[in-house]
Amino acid sequence: MTSLSVPPRDASTQPTGRAARPVGRRRDWRMAGEILLFTAPALVIFGLFVVVPIARAVQFSLYRWKGFGPLVDFVGLQNYVSVLSNEVFRGAVGHNLFIVVASILIQLPLGLAIALLLNRRIRGRGLLRTIIFVPYVLAEVIAGVVWFQLLQPGRGVVETLLGTVGLDGPYQGFLGTPELAMPTLMVVLTWKYVGLAVLLFLAGLQGVPDELTEAAQIDGASWWQIQRRVTIPLLGPTIRTWAFLSMIGSLQLFDMVWILTGGGPANATTTMATFLVNEGTKRQNYGIASAASVVLFVIALTMAVLYQRFVLRRDTSGADVLRGVR
Amino acid sequence: MTTIRALSLMASGSLVLTLAACGTGDEGEGGQGASDGDNVTITWWHNSNTGEGLEYYQQVAEDFQDDSPDVTIQIEAMQHEDMLTQLDAAFQAGDAPDVYMERGGGELADHVAADLTMDLTEVAAEEIEMLGGTVQGWTVDDRVYALPFSIGVVGFWYNTEMFEEAGVTETPTTWDEMYDVIDQVKAAGMEPISVGAGDGWPAAHYWYQFSLRHCAEETLTDAVQSLDFSDQCFITAGEEVERLIDAEPFNRGFLSTPAQSGPSSASGLLATEQVAMEMQGHWEPGVMAGLTEDGEGLGDKLGWFPFPQVEGGQGDPEAQLGGGDAWGVAADAPPEAVEFVKYLLSEEVQRGFAERDMGLPTNPDATDAVADPALAGLIQVRDSAPYVQLYFDTAFGQSVGGAMNDSIELMFAGQASPQDIVDATQAAADAEG
Numbered sequence: 001m002t003s004l005s006v007p008p009r010d011a012s013t014q015p016t017g018r019a020a021r022p023v024g025r026r027r028d029w030r031m032a033g034e035i036l037l038f039t040a041p042a043l044v045i046f047g048l049f050v051v052v053p054i055a056r057a058v059q060f061s062l063y064r065w066k067g068f069g070p071l072v073d074f075v076g077l078q079n080y081v082s083v084l085s086n087e088v089f090r091g092a093v094g095h096n097l098f099i100v101v102a103s104i105l106i107q108l109p110l111g112l113a114i115a116l117l118l119n120r121r122i123r124g125r126g127l128l129r130t131i132i133f134v135p136y137v138l139a140e141v142i143a144g145v146v147w148f149q150l151l152q153p154g155r156g157v158v159e160t161l162l163g164t165v166g167l168d169g170p171y172q173g174f175l176g177t178p179e180l181a182m183p184t185l186m187v188v189l190t191w192k193y194v195g196l197a198v199l200l201f202l203a204g205l206q207g208v209p210d211e212l213t214e215a216a217q218i219d220g221a222s223w224w225q226i227q228r229r230v231t232i233p234l235l236g237p238t239i240r241t242w243a244f245l246s247m248i249g250s251l252q253l254f255d256m257v258w259i260l261t262g263g264g265p266a267n268a269t270t271t272m273a274t275f276l277v278n279e280g281t282k283r284q285n286y287g288i289a290s291a292a293s294v295v296l297f298v299i300a301l302t303m304a305v306l307y308q309r310f311v312l313r314r315d316t317s318g319a320d321v322l323r324g325v326r
Numbered sequence: 001m002t003t004i005r006a007l008s009l010m011a012s013g014s015l016v017l018t019l020a021a022c023g024t025g026d027e028g029e030g031g032q033g034a035s036d037g038d039n040v041t042i043t044w045w046h047n048s049n050t051g052e053g054l055e056y057y058q059q060v061a062e063d064f065q066d067d068s069p070d071v072t073i074q075i076e077a078m079q080h081e082d083m084l085t086q087l088d089a090a091f092q093a094g095d096a097p098d099v100y101m102e103r104g105g106g107e108l109a110d111h112v113a114a115d116l117t118m119d120l121t122e123v124a125a126e127e128i129e130m131l132g133g134t135v136q137g138w139t140v141d142d143r144v145y146a147l148p149f150s151i152g153v154v155g156f157w158y159n160t161e162m163f164e165e166a167g168v169t170e171t172p173t174t175w176d177e178m179y180d181v182i183d184q185v186k187a188a189g190m191e192p193i194s195v196g197a198g199d200g201w202p203a204a205h206y207w208y209q210f211s212l213r214h215c216a217e218e219t220l221t222d223a224v225q226s227l228d229f230s231d232q233c234f235i236t237a238g239e240e241v242e243r244l245i246d247a248e249p250f251n252r253g254f255l256s257t258p259a260q261s262g263p264s265s266a267s268g269l270l271a272t273e274q275v276a277m278e279m280q281g282h283w284e285p286g287v288m289a290g291l292t293e294d295g296e297g298l299g300d301k302l303g304w305f306p307f308p309q310v311e312g313g314q315g316d317p318e319a320q321l322g323g324g325d326a327w328g329v330a331a332d333a334p335p336e337a338v339e340f341v342k343y344l345l346s347e348e349v350q351r352g353f354a355e356r357d358m359g360l361p362t363n364p365d366a367t368d369a370v371a372d373p374a375l376a377g378l379i380q381v382r383d384s385a386p387y388v389q390l391y392f393d394t395a396f397g398q399s400v401g402g403a404m405n406d407s408i409e410l411m412f413a414g415q416a417s418p419q420d421i422v423d424a425t426q427a428a429a430d431a432e433g
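If you want it as structure tokens, here you go:
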């Protein structure tokens, strides 16, 4: 709630260039023309590569289609029924939601702790920041293959290390045991993505005015109190934006799962994206795959809109208020 | 964050389609069938994209061009999986290469239904006669649509040295003997069998094999047509697989082991002498060669024996599970493409093909050119089999086959019963409509 009091600093970062509102219709038209001119290329690309494919996906989802030949076998909403009643798909939705929640629950405190520590003047800070951020920059497929090899049952580096302290890895390996595959995946995802959280939080920390922390210091607040009562509340907008990105990424998770487990063992790590790729390219049930992709789209869109409406609103409405004042 | 994979996937798929829609407007111009003037260009896709095989096919194309100066052959050699993806996209776009690899079964039936592939029954009647029963897997409603150039059967590849070490003197012919071998190998402190259950199909092959042994030939041929899996023999097959899994013959971590990618794959484990056996197709020596540093695979230590017999099975004990590759011709390809395919099946080309260990030739005059003793033994078994059942996933098509494979994989993870496999397969078959 504290973050409702938007720091004055934000006000100064608002664009002030076109403070004067356009007067008259003519200028409205001119501006509309300018907007159209400059956005047209982006709109064309957006239309061609986003809107059209979505429309085609909706169209395909109403047919039984093997991927070639004409679209003739209209089945209405049958594909949606089979997707929604499919145990594997429902499991996949569950896994996606689990990953959304677990990512935030794990990466938020961890990223915050690392960011706060790395924000202090310590020796080797630059090096540490780089180390934390490197996994995020690494291509997902390469990181996936590396972890896949590290986690090889019996022969991989991880189990060899466990062996040196007298521990035995699970018989099917970390990725092959249904109960362990998801937690293992979460470890790899955390390693991969905590760097982004840290980076964003560090950037957000630069926006926390020194005067506030100094004032708190003078009032006798401890380091811990300053973080809890001053810094973290002021990080609110950054955290909420990061959580949004993390949520959308988790819903669309594909590459890492595909490389590490392919959705297995025994469907323990399927996501909506692996389900639809499996149905589409492997089984050539393009109608069902399209229906699944539309469901994924709707779920992601709904969550995004709700999040914008109820969580991010306070960040954006703050800006609106300021504009109104001005 | 992950990119918008799902959407971009749909995007690329539908983009291809949109382009295809644009392309069909100007008939004839787009297809390579255009014999403008006297010159004909034939596009040929194959998967021998490395080393000797690549050179050989280049040579074959040049030889053909020398005899028919009007023809230019454009070769696209691709890695196998890439080729399958590209073929799917080409079929979606309605712009398939003139000569391409066709795997038969349900996949071919779909291509035929969509009028994408050429009926070769009359134009290549002589070759079809010469190939005999092997064209069965590429026949739809008594018409032949592709000419198989390499056919193999699935059996056990084993390390002769490890068998010796374990005190196994003879390869098992029945499953009772097989279980003894498994025990002996285990007692000698080695892992008996590797299986790439992570990829699904290598595990599924066990169920196929037991079904082949337990089901009568008619039951299987009927199933391909009617997609009816209610016969008790399919349940028995599942029970046999369960019994095998319970005996714990498989490599550690088999649930996440891939089939043949990398040294930690099932084929890699056999090639690097970590396990004593693996059940795989005829491509195994080639795959293993690629997975060892010296490029030799197991070398002379490699042995092969067919899938052992079961008790009380209704299938012909000599029948084998197998499959292979055939040359298909696109529906709109010029007649020269058919001539080229005939040339590819000639004794001359097939001999060179066999001598380079590129596959198992189907031309009877070329089979004696196979040098590798293990492969020669395999060919003998293949040629004496009363029938070679095409891999189920290929025979039933990807949708039914995929559901079948997934449920068998679940059984390997201890999460599906014999009945579940039949139910999942039947459900997918019913959805085909």
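Protein chains in written order, with the UniProt record's numbering: chain A, 1 to 326; chain B, 1 to 433. Heads up, the beta-carbon is just placed ideally off N, CA and C, and yes, glycines get one too. These numbers come from a predicted model, not from an experiment.
Beta-ladder partner(s) of residue i, from DSSP
i, result
"A/Q63", "The residue you asked about is not Gln; residue 63 of chain A is Tyr in the sequence shown. Note: A/Y63 sits in a beta bridge opposite A/F74."
"B/V275", "B/E191"
"B/I73", "B/I42"
"B/I151", "B/G324"
"A/N119", "Paired residues: none, contrary to the question."
"B/G303", "B/Y158"
"A/Q217", "Per DSSP, none; premise fails for A/Q217."
"B/P373", "Looking at the DSSP assignment, B/P373 forms no beta bridge with any residue, so it has no partner."
"B/P361", "B/S150"
"B/A197", "B/A197 pairs with nothing; no bridge assigned."
"A/Y80", "According to DSSP, A/Y80 bridges with nothing at all."
"B/A330", "B/T117"
Selection from the options that minimises the alpha carbon distance to residue i
i, options, result
"B/A326", "B/Y208, B/F234 and B/G104", "B/G104"
"A/S61", "A/A304, A/L296 and A/Y286", "A/Y286"
"B/M101", "B/T43, B/E355 and B/P285", "B/T43"
"B/E191", "B/V224, B/G253, B/C215 and B/Y56", "B/G253"
"A/P70", "B/F91, B/E76, B/E55 and B/H80", "B/F91"
"A/T234", "A/M247, A/D73 and A/D210", "Residue identity check: residue 234 of chain A is Leu in the sequence provided, not Thr. Of the candidates A/M247, A/D73 and A/D210, the one whose C-alpha sits nearest the C-alpha of A/L234 is A/D210."
"B/A416", "B/I235, B/A276, B/Q184 and B/Q350", "B/I235"
"B/I245", "B/W207, B/Q232, B/S211 and B/V224", "B/W207"
"B/P69", "B/D357, B/F340, B/L378 and B/W304", "B/F340"
"A/S290", "A/T274, A/T302 and A/M303", "A/T274"
8 angstroms contact criterion, which residue i and residue j should meet: CB distance rounded
i, j, result
"B/G412", "B/A203", "It is worth fixing the name first, because residue 412 of chain B is Phe in this sequence and not Gly. About 5 angstroms; that satisfies the 8 angstroms criterion."
"B/F156", "B/M279", "5 angstroms"
"A/L253", "A/T270", "Not really, about 10 angstroms apart at Cβ, beyond 8 angstroms."
"A/A57", "A/V294", "6 angstroms"
"B/V338", "B/V153", "Not quite, the Cβ-Cβ distance comes to about 28 angstroms (not below 8 angstroms), so this is no contact."
"B/Y391", "B/L321", "7 angstroms"
"B/Y145", "B/L108", "6 angstroms"
"B/V185", "B/P172", "The pair is not a contact, with the Cβ atoms about 11 angstroms apart (cut-off 8 angstroms)."
Proximal chain A residues relative to residue i, where beta-carbon distance stays under 7 angstroms
i, result
"B/R252", "P153, G154 and Y171"
"B/D110", "K66"
"B/L270", "Per Cβ cutoff of 7 angstroms: no residues; B/L270 is ~15 angstroms from chain A at best."
"B/Q184", "Within 7 angstroms Cβ-Cβ: nothing; B/Q184 doesn't reach chain A, min ~22 angstroms."
Contact set between residue i and chain B, taken where Cβ atoms lie within less than 7 angstroms
i, result
"A/P178", "A413"
"A/P265", "L255, S256 and A413"
"A/L43", "What A/L43 touches in chain B: nothing, since even the nearest Cβ is about 16 angstroms away."
Listed by chain order, chain A residues near residue i by CB distance under 9 angstroms
i, result
"B/D88", "G67, F68, T281 and Q284"
"B/L212", "Within 9 angstroms Cβ-Cβ: nothing; B/L212 doesn't reach chain A, min ~23 angstroms."
"B/A114", "K66, F68, G69 and P70"
Neighbouring residues, chain A, relative to residue i (Cβ below 8 angstroms)
i, result
"B/S261", "Ordered by position in chain A, no residue passes the 8 angstroms Cβ test against B/S261, which lies about 10 angstroms from the chain."
"B/F91", "G67 and F68"
9 angstroms Cβ cut-off: residues of chain B touching residue i
i, result
"A/S82", "A431"
"A/L175", "G198, G253, L255 and S256"
Contacts of residue i in chain B (Cβ-Cβ under 8 angstroms)
i, result
"A/L185", "Per Cβ cutoff of 8 angstroms: no residues; A/L185 is ~12 angstroms from chain B at best."
Relative to chain B, which residues along the stretch 146-169 of chain A have a C-beta separation below 9 angstroms, given in chain order? Answer set for the stretch 146-169 of chain A: F148, Q149, L151, Q152, P153, G154, R155, G156 and G169.
Got a sec: which bits of the stretch 239-261 of chain A sit with their beta carbon under 7 angstroms from any beta carbon on chain B, in order along the chain? Residues L245, I248, G249, Q252, L253, F254, D255 and T261.
Compile a chain-ordered list of the residues in the stretch 113-139 of chain A whose CB is closer than 8 angstroms to at least one CB of chain B. For the stretch 113-139 of chain A, which is checked against every Cβ of chain B, not one residue is closer than 8 angstroms.
Using a Cβ-Cβ cut-off of less than 7 angstroms, list which residues of the stretch 319-333 of chain B approach chain A; keep chain order. The stretch 319-333 of chain B vs chain A, Cβ under 7 angstroms: nothing.
Anything in the stretch 235-252 of chain B with a Cβ closer than 8 angstroms to a Cβ of chain A? List those residues in chain order, please. Sequence-ordered contacts of the stretch 235-252 of chain B with chain A read R252 [C-beta pairs closer than 8 angstroms].
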